[in-house]
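Numbering (this note's numbering), first residue to last: 1 to 398. Read the structure below first, then the notes.
The structure is reproduced here in structure tokens:
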């Protein structure tokens with residue numbers, strides 16, 4: 001593997017069997033598999049000055065490992081994904097827990113047995129919990145729509161509390177919507193967990209953090225003699241896609257192209273920009289050992305930020321007398337000015353616009369889209385890896 005900033009003057013795309021755009025999960029998985037399974041020489045073109053995509057982490061000035069683009073918590077039920085990523089890292093045994101700050105009281109999210117007792121008092125909370133157990137059984141995630149469907153005033157009271165105090169105001173901040181703009185179908189999926197497991201992902205058999213960090217995981221994945229990584233290069237200066245073919249550096253390119261970026265951006269937004277939400281990340285290092293009672297605290301009824309993450313609690317680092325936190329402020333993404341698009345706005349008109357861009361490349365046999373931006377969909381990390389494994393299966397077997 002070689003990783004360098006910029007392209008060399010003698011860069012020759014024809015000397016590569018495949019060009020991968022983007023050094024995040026989708027691009028790195030495809031590049032490694034094409035190099036390893038097919039013996040392909042692969043060039044990765046990455047606009048950012050680092051590998052790892054949004055999972056990139058680094059040591060800040062206090063020596064604390066932080067996630068530049070917001071907290072990334074590894075969890076999966078997908079055995080193939082876990083087996084594949086475990087080739088490139090060991091895992092810690094970290095299990096993510098989230099608290100909601102509701103009028104100064106820290107309550108577990110998803111709402112559970114302890115949350116009920118904190119919200120309604122010990123006696124009333126226990127009675128409500130026992131009714132949940134009797135109705136749905138233990139260790140179940142139950143959407144609040146299902147609570148309401150039972151026409152039971154106690155269960156409706158729980159649903160109303162969770163909707164108002166955990167979901168509504170947080171969602172308004174996250175998505176910039178008023179209550180009447182929030183899809184009732186999304187509201188109805190908000191879960192209550194009938195049980196005492198306070199992990200945020202109680203049903204994921206594999207969860208933790210890469211022992212040496214995400215960036216090291218990517219370094220290991222890209223450590224192959226047939227992979228060259230070129231950082232700080234905007235592929236729009238090199239790559240042109242017509243309805244039937246791809247050219248790179250103004251010459252037709254016959255190798256495979258794996259594209260993980262945004263399709264609307266590739267075409268200069270000429271049909272319109274696909275909308276996203278972005279997040280302003282505000283880091284702060286403080287001269288204390290400990291800032292908050294959990295890795296992540298959601299501010300569901302107060303503040304203009306959505307949540308605070310304290311990284312030491314996630315990584316397990318021991319850095320006496322210092323801690324670094326991250327506040328996240330969600331807002332509308334502005335295309336074309338270098339902001340990071342984080343969250344797809346999954347509405348019918350946006351999907352229709354995406355399909356128009358996708359149709360443009362559907363006839364290009366050696367141009368393949370994969371990943372969160374290229375597919376215009378929300379993925380957790382394991383979902384991106386699964387999609388990249390599927391695409392690379394097709395490329396390997398064709």
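Quick reminder that beta carbons are idealized off the backbone N, C-alpha and C, glycines included.
- The C-alpha of residue 269 lies about 30 Å from the C-alpha of residue 305.
- Residue 300 and residue 163 do not touch by the CB rule: their CB atoms are close to 11 Å apart, not below 8 Å.
- For the pair residue 2 and residue 229, the CB atoms are nearer than the 8 Å cut-off.
- The C-beta distance from residue 195 to residue 78 rounds to 23 Å, too long to fall under 8 Å, and the pair is not in contact.
- Annotation for residue 232: 5, 6, 46, 47, 48, 49 place their beta carbon closer than 8 Å to its own, counting only its chain and skipping 5 residues before and after.
- Per the Cβ contact rule, the region 88–106 is not in contact with the region 325–332 (fewer than 3 Cβ pairs under 8 Å).
- For residue 16 and residue 71, the gap between their C-alpha atoms comes out near 35 Å.
- Checking the DSSP bridge columns, you'll see residue 5 partnered with 231.
- Contact annotation: residue 343 and residue 276 have beta-carbon atoms nearer than 8 Å.
- Bounds of the alpha helix (DSSP H) holding residue 120 are 113–120.
- Under DSSP, residue 330 takes part in a beta bridge, and its partners are 279.
- Excluding its 5 nearest sequence neighbours in each direction, residue 167 has C-beta neighbours in its own chain below 7 Å: 187, 190, listed in chain order.
- Between residue 251 and residue 366, the alpha-carbon positions lie close to 15 Å from each other.
- Here residue 385 has 25, 29, 81, 84, 85 as same chain residues with Cβ atoms under 7 Å from its own Cβ, once five neighbours each way along the sequence are excluded.
- Residue pairing from DSSP places residue 57 in a beta bridge opposite 67.
- Cβ contact annotation for residue 139 (same chain, cutoff 6 Å, sequence separation greater than five): 195, in chain order.
- Annotation for residue 362: no alpha helix (DSSP H) segment contains it, and DSSP assigns it neither H nor E.
- In the displayed model, residue 35 falls within a helix according to three-state DSSP.
- The Cβ-Cβ distance between residue 322 and residue 287 falls below 8 Å.
- According to DSSP, residue 247 shares a beta bridge with 240, 252.
- For residue 189, the secondary structure class from DSSP, reduced to helix, strand or coil, is coil.
- Within the region 286–336, the runs of beta strand (DSSP E) that reach at least 3 residues and sit entirely inside it are, in chain order, 296–298, 307–310, 323–332.
- Around residue 93, the same chain offers 208 as residues with beta carbons nearer than 7 Å, after the five sequence neighbours per side are excluded.
- In this chain, the alpha helix (DSSP H) harbouring residue 84 covers 79–85.
- Take the alpha-carbon of residue 283 and the one of residue 291: they are about 13 Å apart.
- Setting aside the 5 residues that flank it on each side, residue 98 is surrounded in the same chain by 109, 200, 294, 296, 298, each with a C-beta closer than 7 Å to its C-beta; the list follows chain order.
- DSSP places residue 209 in no alpha helix (DSSP H); its state is neither H nor E.
- Separation of residue 361 and residue 239 (C-alpha to C-alpha, rounded to the nearest whole angstrom) is 13 Å.
- According to DSSP, residue pairing for residue 45 in a beta bridge involves 21, 230.
- Looking from the CA of residue 141, the closest CA among 338, 124, 159 belongs to 159.
- Residue pairing of residue 143 in beta bridges, as defined by DSSP: 191.
- Put simply, of 203, 205, 65 the residue whose alpha carbon is nearest the alpha carbon of residue 310 is 65.
- Of the residues assessed, residue 244 falls on the exposed side of the cut-off, its CB having fewer than 16 other CB atoms within 10 angstroms.
- Boundaries of the alpha helix (DSSP H) around residue 171: 169–175.
- Residue 88 has its alpha-carbon roughly 11 Å from the corresponding atom of residue 215.
- Taking C-beta atoms as the reference points, residue 357 and residue 218 fail to come closer than 8 Å.
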